[in-house]
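Colleague:
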Amino acid sequence: MKKFVLPSPLKTIDITMNDSAVIRLRQHGNIEGPRLILAHGNGFATDAYFPFWKLLLQDYELILYDQRNHGQNPRHDNIRHHDVSYFVSDLEAILDNIQAIFGHKTTAGLFHSISAVTSIWHALSNGWRWDALILFDPPLVPSIGHPLNVIAKNFELMLSDWSKNRPERFPDPKTLATQFSKSKSLSRWVSGSHELMAESILREDTESRDWVLCCPPEGEAQVYKTNSELDLCPGFGTLKGPLKVIASDPDDPNARSPGLVNRALHEEFGHPYEAIPGATHMVQIEKPKAAAKIVTEFFKEIGFGS
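For the record, in the sequence shown the residue sitting at position 33 is 756 according to our numbering, with numbers rising by one throughout.
1. Looking only at C-alpha atoms, which of 917, 902, 1029 sits nearest to residue 725?
2. Pull up the distance between the alpha-carbon of residue 856 and that of residue 754, whole angstroms please.
3. Can you give me the C-alpha to C-alpha distance between residue 979 and residue 835, rounded to a whole angstrom?
4. Is it buried or exposed, residue 952, if we count other Cβ atoms within 10 angstroms and call 16 or more buried?
5. Please determine, among 880, 864, 777, the residue with the shortest C-alpha to C-alpha distance to residue 983.
6. Just mark residue 758 as buried or exposed, buried being the case when its beta carbon has 16 or more other beta carbons within 10 Å.
7. Mind checking which residues open and close the alpha helix (DSSP H) that includes residue 844?
8. Answer yes if the stretch 1006-1014 comes into contact with the stretch 773-792, meaning at least three C-beta pairs across the two stretches below 8 Å, and no otherwise.
9. Starting from the Cα of residue 962, find the closest Cα among 889, 872, 840 and give me that residue.
10. Go to residue 674, then tell me how far its alpha helix (DSSP H) extends in each direction, as first and last residue.
11. Would residue 885 pass as a contact of residue 1008 if the rule is Cβ separation under 8 Å?
12. Less than 8 Å between the CB atoms is what I'm expecting for residue 985 and residue 861, so what's the real figure, rounded?
13. Which two residues bound the contiguous beta strand (DSSP E) that contains residue 934?
14. So, with DSSP's three-state summary, where would you put residue 1019?
15. Quick one: Cα of residue 729 to Cα of residue 782, how far?
16. Got a sec? Which residues, its chain only, sit under 7 Å from residue 737 by beta carbon, not counting five neighbours each side?
17. Look at residue 946 and residue 837 and say whether their C-beta atoms are less than 8 Å apart.
18. Which word fits residue 811, buried or exposed, when buried means at least 16 other C-beta atoms lie within 10 angstroms of its C-beta?
19. Please list the terminal residues of the continuous beta strand (DSSP E) segment that includes residue 907.
20. Where DSSP assigns a beta bridge to residue 734, which residues make up the other side?
21. Using the rule of at least 16 other Cβ atoms within 10 Å of the residue's Cβ for burial, across every protein chain shown, is residue 928 buried or exposed?
22. Starting from the Cα of residue 871, find the closest Cα among 954, 1020, 774 and give me that residue.
23. Just how far apart, CA to CA, sit residue 873 and residue 858?
24. State the DSSP-derived secondary structure class of residue 768, mapped to helix, strand or coil.
25. One question on the structure: do residue 760 and residue 832 come within less than 8 Å of each other, judged by their Cβ atoms?
26. So, are the CB atoms of residue 751 and residue 789 less than 8 Å apart?
27. Within 10 angstroms of the Cβ of residue 868, are there 16 or more other Cβ atoms? Answer buried if so, exposed if not.
28. Please give the ranges of any beta strand (DSSP E) in the stretch 945-1008, keeping only runs that are unbroken, at least 3 residues long and fully inside the region.
29. Tell me, to the nearest whole angstrom, how far the beta carbon of residue 994 is from that of residue 966; I am working on the premise that it is less than 8 Å.
30. Hey, quick one: how far does the beta strand (DSSP E) through residue 879 stretch, first residue to last?
31. What is the residue span of the alpha helix (DSSP H) that residue 775 lies within?
32. Whole angstroms is fine: what's the gap from residue 922's alpha carbon to residue 896's?
33. Just to confirm the assignment, what range does the beta strand (DSSP E) spanning residue 786 have?
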């Protein structure tokens, strides 16, 4: 089995939000290159996407962060603030802090799942702050009346019900990694990714010696429920970009609503879009080389960083 070893960050900076939530920024890669800002899906952590982002280290400066209460961030006590609207305001503060700390430069966002939804909402409410935006399989819910509205909404609510009851404590990361590896829906991850994900989303409780989810299940469930109620698709069609959606395969036998919705939105709005054959929702962890290739080719098309 492959064992991933992450590089040490060039710099690590903790920044504090208005409600005292702390978000840790990590700088990796080539500081002379254009800047890429990366974040993860609900309940996950950006470190676990290393099979993908390691392929970008040579040519780009990477700034990684986790959404509040995820990954390397300390737990924030107010669970009501663990929600998408706070992810959006956090993103504004994160962008301001990145510019203040690391300087201004050509910047793209590479966001998966709920972080992609966050970046769409942020662009609609705060204005466009990107030289490019790459959205990996955003789980958008079309407006009421759209043929995919009920399917997408019910899928998010199903995930909300599942996550609120998921186990929160484990004897060690290996136990969770084994569960991941036995899951049919996660079976396409590249070798070593189940272990890396478990290590990235758990932290040790020094008193009980248990390993506890960084993201509280109640918060994860709340985010899925909120996403089921958002109506961002009409606004998404107004974003001029440059942006590209890299989606799961809508023709795969196990295709879920994000793959179907992203194809439908491409057909409706015509923005750059590419589905990766054989990929389900965890696109970058299932097909890291294909995902990175699409990213770099899109950057060449639009002259990003040149």
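We put the beta carbon where it would ideally sit given N, CA and C, even for glycine.
As the structure is a prediction and not an experimental result, all values here were calculated from the model.
Modeller: Concretely, from the data shown:
1. Within the sequence shown, residue 725 is the residue found at index 2, counting from 1. Ranking 917, 902, 1029 by CA distance to the CA of residue 725 puts 917 first.
2. In the sequence shown, residue 856 corresponds to position 133, counting from 1. In the sequence shown, residue 754 corresponds to position 31, counting from 1. Cα to Cα, residue 856 sits roughly 20 Å from residue 754.
3. Counted from its first residue, the sequence shown places residue 979 at position 256. Counted from its first residue, the sequence shown places residue 835 at position 112. Rounded to whole angstroms, residue 979 to residue 835 spans 15 Å at the Cα level.
4. Stepping through the sequence shown from its first residue, residue 952 is reached at position 229. Classified as exposed, residue 952 has fewer than 16 neighbouring CB atoms from the shown chains inside 10 Å of its CB.
5. Locating residue 983 in the sequence shown gives position 260, counting from the first residue. Comparing alpha-carbon positions, the option among 880, 864, 777 lying closest to residue 983 turns out to be 864.
6. The residue labelled residue 758 in the question sits at position 35 within the sequence shown. Under this definition residue 758 is a buried residue.
7. Walking along the sequence shown from the start, residue 844 turns up at place 121. Element bounds for residue 844: 837-849.
8. Output reads yes: the stretch 1006-1014 touches the stretch 773-792.
9. Position 239 of the sequence shown, counting from 1, holds the residue named residue 962. Taking the Cα of residue 962 as reference, the smallest distance to any Cα among 889, 872, 840 is reached at 840.
10. With the chain covering 724 to 1029 only, the question about residue 674 has no answer from this structure.
11. Here residue 885 refers to the residue found at position 162 of the sequence shown. Here residue 1008 refers to the residue found at position 285 of the sequence shown. Cβ distance not < 8 Å, so residue 885 and residue 1008 don't count as in contact.
12. Translated into the one-based positions of the sequence shown, residue 985 becomes position 262. Translated into the one-based positions of the sequence shown, residue 861 becomes position 138. With a Cβ gap of about 7 Å, residue 985 and residue 861 count as contacting.
13. The residue labelled residue 934 in the question sits at position 211 within the sequence shown. 934-936 is the span of the beta strand (DSSP E), which, as asked, contains residue 934.
14. The sequence position of residue 1019 within the sequence shown is 296, counting from 1. The answer is helix: DSSP assigns residue 1019 an H, G or I state.
15. If you number the sequence shown from 1, residue 729 lands on position 6. If you number the sequence shown from 1, residue 782 lands on position 59. Looking at the two C-alpha atoms, the distance is approximately 17 Å.
16. Residue mapping note: residue 737 aligns to position 14 of the sequence shown, counting from 1. 745, 747, listed in sequence order.
17. In the sequence shown, residue 946 corresponds to position 223, counting from 1. In the sequence shown, residue 837 corresponds to position 114, counting from 1. Judged by beta-carbon spacing, residue 837 lies within the 8 Å limit of residue 946, meaning their Cβ atoms are closer than that value.
18. Numbered from 1 along the sequence shown, position 88 holds the residue referred to as residue 811. Label assigned to residue 811: buried.
19. Position 184 of the sequence shown, counting from 1, holds the residue named residue 907. Counting along the chain, residue 907 falls outside any beta strand (DSSP E), and DSSP gives it neither H nor E.
20. Taking the first residue of the sequence shown as 1, we reach residue 734 at position 11. Residue pairing from DSSP places residue 734 in a beta bridge opposite 750.
21. Here residue 928 refers to the residue found at position 205 of the sequence shown. It counts as exposed.
22. As a working note, residue 871 is residue 148 in the sequence shown. Answer by Cα proximity: 954.
23. For the purposes of this step, residue 873 is identified with residue 150 of the sequence shown, where counting begins at 1. For the purposes of this step, residue 858 is identified with residue 135 of the sequence shown, where counting begins at 1. Taking the straight line joining both Cα atoms gives about 22 Å.
24. Numbered from 1 along the sequence shown, position 45 holds the residue referred to as residue 768. For residue 768, the secondary structure class from DSSP, reduced to helix, strand or coil, is coil.
25. Locating residue 760 in the sequence shown gives position 37, counting from the first residue. Locating residue 832 in the sequence shown gives position 109, counting from the first residue. The criterion of a C-beta distance shorter than 8 Å is satisfied by residue 760 and residue 832.
26. The count along the sequence shown starts at 1 and reaches residue 751 at position 28. The count along the sequence shown starts at 1 and reaches residue 789 at position 66. It is not a contact, given that the beta carbons lie outside the stated cut-off.
27. Working through the sequence shown from its first residue, we reach residue 868 at position 145. Taking a 10 Å sphere around the C-beta of residue 868, we find fewer than 16 other C-beta atoms and assign the residue as exposed.
28. Listed in chain order, they are 966-970, 996-998.
29. Walking along the sequence shown from the start, residue 994 turns up at place 271. Walking along the sequence shown from the start, residue 966 turns up at place 243. Confirmed, about 6 Å.
30. Here residue 879 refers to the residue found at position 156 when the sequence shown is read from its first residue. Residue 879 -> not in any beta strand (DSSP E); alpha helix (DSSP H) instead, spanning 872-887.
31. Working through the sequence shown from its first residue, we reach residue 775 at position 52. Counting along the chain, the alpha helix (DSSP H) containing residue 775 begins and ends at 773-776.
32. Indexing the sequence shown from 1 puts residue 922 at position 199. Indexing the sequence shown from 1 puts residue 896 at position 173. Those two C-alpha atoms are separated by around 6 Å.
33. Against the sequence shown, residue 786 aligns to sequence position 63. Element bounds for residue 786: 784-787.
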